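In my numbering, the protein residues as written are 61 to 680.
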Amino acid sequence: MEILLTGNTCFVTKAWVEMAFPEDHVLITCGRGQPHPPKLRAITLDSKERIGQLVDSYEFDRIVYFSEYLTPHSEQEGELDRLRRVLQANRDRESQLLYLAGPEAVLTPAIGKTVVAQAAEALCRHYAETSKVQIKVLHLPYLYGCDGTGAPAGIAGLLTRMRDGELHFDEQALAPVFALCMEDLSELVLRVFDNWTPEWESFTAPVVFALNYEQLGEAWKALHPGLKMTYGTDLIRTYPPDDGVLRCRYGWFPRYSLEEDLPRLFRTETHARHSRTWGQRLGGLRERHRHLLEAAEIVASFGFTELLVQLTGSQAQFRVVDFRLAFIVLAANVYGLNAGVAAALLASASLAVGYWKQGASPLLLFYEPSNWLAFLVYFVVGAVCGYVQLRSAENVRFAEEQCRLLEERLRFVRQLYQDVMEDKRSLRRQILGRRDSFGKVYAVTRALNETPPDKLPAKTVELLEDVFQNRSAAFYFVDAAGRTAKRAACSEGAEAPRLLEGPALAGLVQTLEQEEVWVNRTLTPGLPMFGAAVRVDGKLRALVLLYDAGGEQLSLHYQNLFRILCGLVETAMTRAAQPLPEKRPRRCWRNTPPRWKPPLRWGWRRAGRRSCSASNSNVC
Numbered sequence: 061m062e063i064l065l066t067g068n069t070c071f072v073t074k075a076w077v078e079m080a081f082p083e084d085h086v087l088i089t090c091g092r093g094q095p096h097p098p099k100l101r102a103i104t105l106d107s108k109e110r111i112g113q114l115v116d117s118y119e120f121d122r123i124v125y126f127s128e129y130l131t132p133h134s135e136q137e138g139e140l141d142r143l144r145r146v147l148q149a150n151r152d153r154e155s156q157l158l159y160l161a162g163p164e165a166v167l168t169p170a171i172g173k174t175v176v177a178q179a180a181e182a183l184c185r186h187y188a189e190t191s192k193v194q195i196k197v198l199h200l201p202y203l204y205g206c207d208g209t210g211a212p213a214g215i216a217g218l219l220t221r222m223r224d225g226e227l228h229f230d231e232q233a234l235a236p237v238f239a240l241c242m243e244d245l246s247e248l249v250l251r252v253f254d255n256w257t258p259e260w261e262s263f264t265a266p267v268v269f270a271l272n273y274e275q276l277g278e279a280w281k282a283l284h285p286g287l288k289m290t291y292g293t294d295l296i297r298t299y300p301p302d303d304g305v306l307r308c309r310y311g312w313f314p315r316y317s318l319e320e321d322l323p324r325l326f327r328t329e330t331h332a333r334h335s336r337t338w339g340q341r342l343g344g345l346r347e348r349h350r351h352l353l354e355a356a357e358i359v360a361s362f363g364f365t366e367l368l369v370q371l372t373g374s375q376a377q378f379r380v381v382d383f384r385l386a387f388i389v390l391a392a393n394v395y396g397l398n399a400g401v402a403a404a405l406l407a408s409a410s411l412a413v414g415y416w417k418q419g420a421s422p423l424l425l426f427y428e429p430s431n432w433l434a435f436l437v438y439f440v441v442g443a444v445c446g447y448v449q450l451r452s453a454e455n456v457r458f459a460e461e462q463c464r465l466l467e468e469r470l471r472f473v474r475q476l477y478q479d480v481m482e483d484k485r486s487l488r489r490q491i492l493g494r495r496d497s498f499g500k501v502y503a504v505t506r507a508l509n510e511t512p513p514d515k516l517p518a519k520t521v522e523l524l525e526d527v528f529q530n531r532s533a534a535f536y537f538v539d540a541a542g543r544t545a546k547r548a549a550c551s552e553g554a555e556a557p558r559l560l561e562g563p564a565l566a567g568l569v570q571t572l573e574q575e576e577v578w579v580n581r582t583l584t585p586g587l588p589m590f591g592a593a594v595r596v597d598g599k600l601r602a603l604v605l606l607y608d609a610g611g612e613q614l615s616l617h618y619q620n621l622f623r624i625l626c627g628l629v630e631t632a633m634t635r636a637a638q639p640l641p642e643k644r645p646r647r648c649w650r651n652t653p654p655r656w657k658p659p660l661r662w663g664w665r666r667a668g669r670r671s672c673s674a675s676n677s678n679v680c
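Printed below as a string of structure tokens:
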């Protein structure tokens with residue numbers, strides 16, 4: 061299926077996608093400035109029309125919308141507008157949309173965010189009743205996990221906001237912590253979609269771990285010795301109690317606690333901080349203290365200018381060179397208008413001190429207009445050069461922004477093109493496979509029917525290798541008790557054990573009792589990728605396993621093909637197990653008792669009765 065993950069997707073990682081949607085094609089949308097998750101298909105939405113283009117291009121079967129309120133103290137605006145655009149783009153499609161709302165709509169007492177969150181839920185209900193899209197709302201506590209860069213995200217991101225050895229929470233110390241692990245969410249999303257119903261529904265995930273911010277701060281303080289904790293005065297709000305709906309309907313309940321996951325988050329945060337290069341650290345330091353560095357560079361340049369003025373003041377060839385004016389031009393062209401005016405001010409002060417050293421009084425400088433010319437030129441040159449640099453910087457910034465937008469659009473179109481070409485190749489393979497599907501089925505059926513029973517395992521492995529182009533097939537005979545399975549045939553070089561027994565075989569057989577084909581969705585090492593049972597008279601007699609499968613062979617098409625082949629093998633084994641029918645003796649007119657004779661008028665006497673064995677053997 062085609063899956064779209066949109067909204068506040070900073071929590072989404074490759075591991076989470078593999079747990080929630082193991083067999084689907086997943087596309088993630090990111091906001092402007094949000095890092096793309098590594099090793100995942102991601103597209104930046106920089107305009108309102110992009111979501112419509114995505115829906116028209118991919119025709120998503122399932123959509124998961126992450127609310128901005130899943131992050132505590134989120135300052136993102138436009139939640140309702142973004143949600144409405146997603147719903148409007150899918151209103152004419154029979155798709156399934158799961159809206160992952162934050163806790164704001166169910167927390168008491170209500171605040172301003174509660175009204176907005178309830179309005180988002182009402183918007184989802186309206187589209188569920190007036191459009192073709194099927195919508196369910198799932199209220200969740202604040203999520204925690206890691207973002208695309210590996211740093212803690214969600215409520216865990218509050219723990220990394222340390223400044224000068226101090227960590228501050230806006231909540232009170234006794235305020236409860238509402239947190240849900242992303243791993244628990246992946247299991248819940250998988251179960252909701254697997255048991256999807258078309259009607260509108262709203263659920264609330266429970267909070268089962270009692271934890272307040274004081275306990276959270278002390279646990280984090282134990283990992284950061286010397287850390288000082290401070291707390292705010294925000295209103296203490298309560299979460300609704302567990303109604304047991306998710307437990308009873310989906311068999312789901314939270315398993316991971318934020319307090320127990322703090323050491324793992326600490327290691328993740330430490331690794332993300334230490335993995336930064338020296339260049340990245342210096343760049344971050346320069347960005348944080350940019351204005352201080354500019355001021356220091358201007359002061360250092362001014363000091364160097366004064367040194368040049370003092371060293372060359374007594375030389376005649378340098379009297380026509382104004383180093384102060386050069387300093388103003390340089391500062392204004394490099395740092396902009398403000399720096400140019402500041403440099404002009406410093407140069408004016410230096411010039412005034414030079415006049416004072418030559419014996420000129422301040423009153424003379426003030427009352428003589430000719431002495432103002434140098435100061436006026438300094439400020440005019442600083443302002444003009446700074447303004448020109450400012451306009452040039454704005455033009456460059458605008459050009460860079462346009463270039464970045466064009467690059468994002470190019471990446472967007474290129475991603476669409478690659479996905480379309482991939483779908484084209486997949487559909488082409490399916491069409492070609494369907495063209496000769498009847499021939500393949502006939503050839504496989506004929507080959508299995510013509511194979512002796514003792515050669516059937518080897519023939520099955522050969523057919524699987526030919527159809528799947530895979531050299532990892534194996535055939536096992538299962539004993540009557542179903543406790544062991546002995547290998548009868550396998551592909552050359554396949555890593556198939558000679559004997560299957562114990563928990564591995566029991567789990568495989570138990571799964572095959574419920575499903576026709578077993579698929580290793582968790583990618584557990586040591587287990588086959590595909591497995592099917594061969595039954596004779598309703599009893600398990602053999603197992604057909606495929607230990608290795610490529611990425612494209614994990615699709616539903618290959619699963620159905622494997623199921624059909626194993627069904628043909630089962631039919632052949634059932635036919636081979638049945639006893640051959642007894643041959644009835646051939647009867648001839650010559651051996652028939654003379655109960656009745658045909659009349660002579662039929663002409664048999666005139667034509668002569670032909671021998672049964674000679675020329676009329678068909679009568680026998």
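C-beta: ideal position from N, C-alpha, C; glycine also. Note that the coordinates shown come from a computational prediction; the quantities given were computed from them, not determined experimentally.
(message) For E630 and T505, I'd like the C-alpha separation in whole angstroms.
(response) Within the sequence shown, numbered from 1, the residue matching residue 630 stands at position 570. Within the sequence shown, numbered from 1, the residue matching residue 505 stands at position 445. Taking the straight line joining both Cα atoms gives about 11 angstroms.
(request) Assess, as a yes-or-no matter, whether the region 156-173 is touched by the region 216-236 under the definition of 3 or more beta carbon pairs within less than 8 angstroms. (result) no
(request) Kindly indicate which residue of R623, L390, R601 and R384 has the alpha-carbon position closest to the one of G414. (result) What you label residue 414 is simply residue 354 of the sequence shown in a count that begins at 1. Checked all of R623, L390, R601 and R384; the closest Cα to G414 is R384.
(request) Identify whether E261 lies in helix, strand or coil by the three-state DSSP scheme. (result) Counting from 1 along the sequence shown, the entry for residue 261 is found at position 201. In this structure, E261 counts as strand in the three-state DSSP scheme.
(message) Using a 10 Å radius around the Cβ and a threshold of 16 neighbouring Cβ atoms, would you call A566 buried or exposed?
(response) In the sequence shown, the residue the question calls residue 566 occupies position 506. So A566 ends up on the exposed side.
(message) Assuming V314 and T264 are in contact, meaning their beta carbons sit under 8 angstroms apart, how far apart are those beta carbons, in whole angstroms?
(response) Sequence index remark: in the sequence shown, residue 314 carries index 254 (1-based). Sequence index remark: in the sequence shown, residue 264 carries index 204 (1-based). What sits at residue 314 in the sequence shown is Pro, not Val. P314 to T264, Cβ: 12 angstroms. No contact.
(request) Alpha carbon to alpha carbon, how far is M289 from P463? Give it in angstroms, no decimals. (result) Position 403 of the sequence shown, counted from the first residue, corresponds to residue 463. Position 229 of the sequence shown, counted from the first residue, corresponds to residue 289. In the sequence on display, residue 463 carries Cys and not Pro. About 44 angstroms.
(request) Consider the Cβ of L353: report whether some Cβ of chain B lies at a distance smaller than 9 angstroms. (result) Of the protein chains in this structure there is only one, and it is not chain B.
(request) Can you have a look at Y477 and say buried or exposed, based on whether 16 or more other CB atoms are within 10 angstroms of its CB? (result) Counting from 1 along the sequence shown, the entry for residue 477 is found at position 417. Exposed is the call here.
(request) Given a cut-off of 9 angstroms, decide if Y129 and A177 are closer than it, judged by their beta-carbon atoms. (result) The residue labelled residue 177 in the question sits at position 117 within the sequence shown. The residue labelled residue 129 in the question sits at position 69 within the sequence shown. In this structure, A177 sits near Y129, with a CB-CB distance shorter than 9 angstroms.
(request) Give the range of the beta strand (DSSP E) segment to which L524 is assigned. (result) Your numbering for residue 524 matches position 464 in the sequence shown. Not the beta strand (DSSP E): L524 falls in the alpha helix (DSSP H), residues L516 to F528.
(request) Using 10 angstroms around the beta-carbon of H199, count the other beta-carbons present and answer buried if the total reaches 16, otherwise exposed. (result) Working through the sequence shown from its first residue, we reach residue 199 at position 139. So H199 ends up on the buried side.
(request) Work out the CA separation of D526 and D496 for me, nearest whole Å. (result) Along the sequence shown, read from residue 1 onward, the residue named residue 496 stands at position 436. Along the sequence shown, read from residue 1 onward, the residue named residue 526 stands at position 466. Low confidence applies here, because D496 scores a pLDDT of 49, under 50, leaving its location unreliable; read the following figure in that light. Computed Cα separation, rounded: 14 angstroms.
(message) Checking 9 angstroms against the spacing of the C-beta atoms, do A391 and S410 come in under that value?
(response) Within the sequence shown, residue 391 is the residue found at index 331, counting from 1. Within the sequence shown, residue 410 is the residue found at index 350, counting from 1. No, these two residues do not count as a Cβ contact at 9 angstroms.
(request) Could you please give me the residues that DSSP links to I63 through a beta bridge? (result) Within the sequence shown, the letter at position 3 stands for residue 63. V86 and R122, per the DSSP bridge assignment.
(request) Determine, using beta carbons only, whether S408 and F387 come nearer to each other than 9 angstroms. (result) As a first step, residue 408 must be located in the sequence shown, where it is residue number 348. As a first step, residue 387 must be located in the sequence shown, where it is residue number 327. It is not a contact, given that the beta carbons lie outside the stated cut-off.
(request) Using beta-carbon positions only, say whether R101 and L87 come within less than 9 angstroms of one another. (result) Numbered from its first residue, the sequence shown carries residue 101 at position 41. Numbered from its first residue, the sequence shown carries residue 87 at position 27. It is a contact, given that the beta carbons lie within the stated cut-off.
(request) Could you tell me whether the region 267-282 touches the region 245-254, where touching means 3 or more Cβ pairs closer than 8 angstroms? (result) no
(request) Go through its chain and collect everything with a Cβ distance to Y310's Cβ below 6 angstroms, but skip five positions before and after it. (result) Along the sequence shown, one-based indexing puts residue 310 at 250. R251, listed in sequence order.
(message) Using a Cβ distance threshold of 8 angstroms, determine whether the region 255-262 contacts the region 177-189, with at least three qualifying pairs required.
(response) Enough Cβ pairs lie closer than 8 angstroms, so yes.
(message) Does the contact criterion of 3 or more C-beta pairs under 8 angstroms hold for the region 590-598 versus the region 618-633?
(response) At 8 angstroms Cβ cutoff, the stretches touch.
(message) Going by the DSSP bridge assignment, what does M289 pair with across the sheet?
(response) Locating residue 289 in the sequence shown gives position 229, where the first residue counts as 1. Under DSSP, the beta-bridge partners assigned to M289 are L227.
(request) Could you spell out where the alpha helix (DSSP H) holding K281 opens and where it closes? (result) For this step, residue 281 is matched to residue 221 along the sequence shown. Where K281 is concerned, the enclosing alpha helix (DSSP H) stretches over Y273 to L283.
(request) May I have the straight-line CA-CA distance separating S486 from T168, to the nearest angstrom? (result) Here the question's residue 486 lines up with position 426 in the sequence shown. Here the question's residue 168 lines up with position 108 in the sequence shown. Rounded to the nearest angstrom, the two C-alpha atoms are 51 angstroms apart.
(request) Counting only the same chain and skipping the five closest in sequence on each side, list residues whose C-beta sits under 6 angstroms from that of H85. (result) In the sequence shown, residue 85 corresponds to position 25, counting from 1. Correct list, in chain order: E62.
(request) Could you check the C-alpha separation between S155 and E119 for me, to the nearest Å? (result) Locating residue 155 in the sequence shown gives position 95, where the first residue counts as 1. Locating residue 119 in the sequence shown gives position 59, where the first residue counts as 1. Cα to Cα, the separation comes out at about 9 angstroms.
(message) Can you tell me whether H186 is helix, strand or coil according to DSSP?
(response) For this step, residue 186 is matched to residue 126 along the sequence shown. Here H186 sits in helix by DSSP.
(request) Run the proximity test for E62: is its beta-carbon closer than 8 angstroms to any non-hydrogen atom belonging to the ligand FMN? (result) Ligands displayed in this structure: none; no statement on the ligand FMN is therefore possible.
(request) Classify T73 as helix, strand or coil using the three-state DSSP reduction. (result) Counting from 1 along the sequence shown, the entry for residue 73 is found at position 13. Coil.
(request) Could you tell me whether the region 205-223 touches the region 71-84, where touching means 3 or more Cβ pairs closer than 8 angstroms? (result) yes
(message) Between which two residues does the beta strand (DSSP E) holding E561 run?
(response) Position 501 of the sequence shown holds residue 561. Here the beta strand (DSSP E) through E561 covers L559 to E561.
(request) Helix, strand or coil for F590, going by three-state DSSP, please let me know. (result) Position 530 of the sequence shown, counted from the first residue, corresponds to residue 590. It is a strand residue.
(request) Express the C-alpha separation of L523 and T69 in angstroms, rounding to a whole number. (result) Walking along the sequence shown from the start, residue 69 turns up at place 9. Walking along the sequence shown from the start, residue 523 turns up at place 463. Each residue's Cα considered, the two are about 45 angstroms apart.
(message) Just verifying my parser: in three-state terms, what is the DSSP assignment at H617?
(response) The residue given as residue 617 occupies position 557 in the sequence shown. Of the three classes helix, strand and coil, the one that applies to H617 here is helix, per DSSP.
(message) For Y607, which residues in the same chain have their Cβ closer than 7 angstroms to its Cβ, ignoring the five residues on either side in sequence?
(response) Position 547 of the sequence shown, counted from the start, is the residue given in the question as residue 607. Once the five neighbours on either side are set aside, the close Cβ partners of Y607 are S532, A534, A554, E555, A556, P588 and M589.
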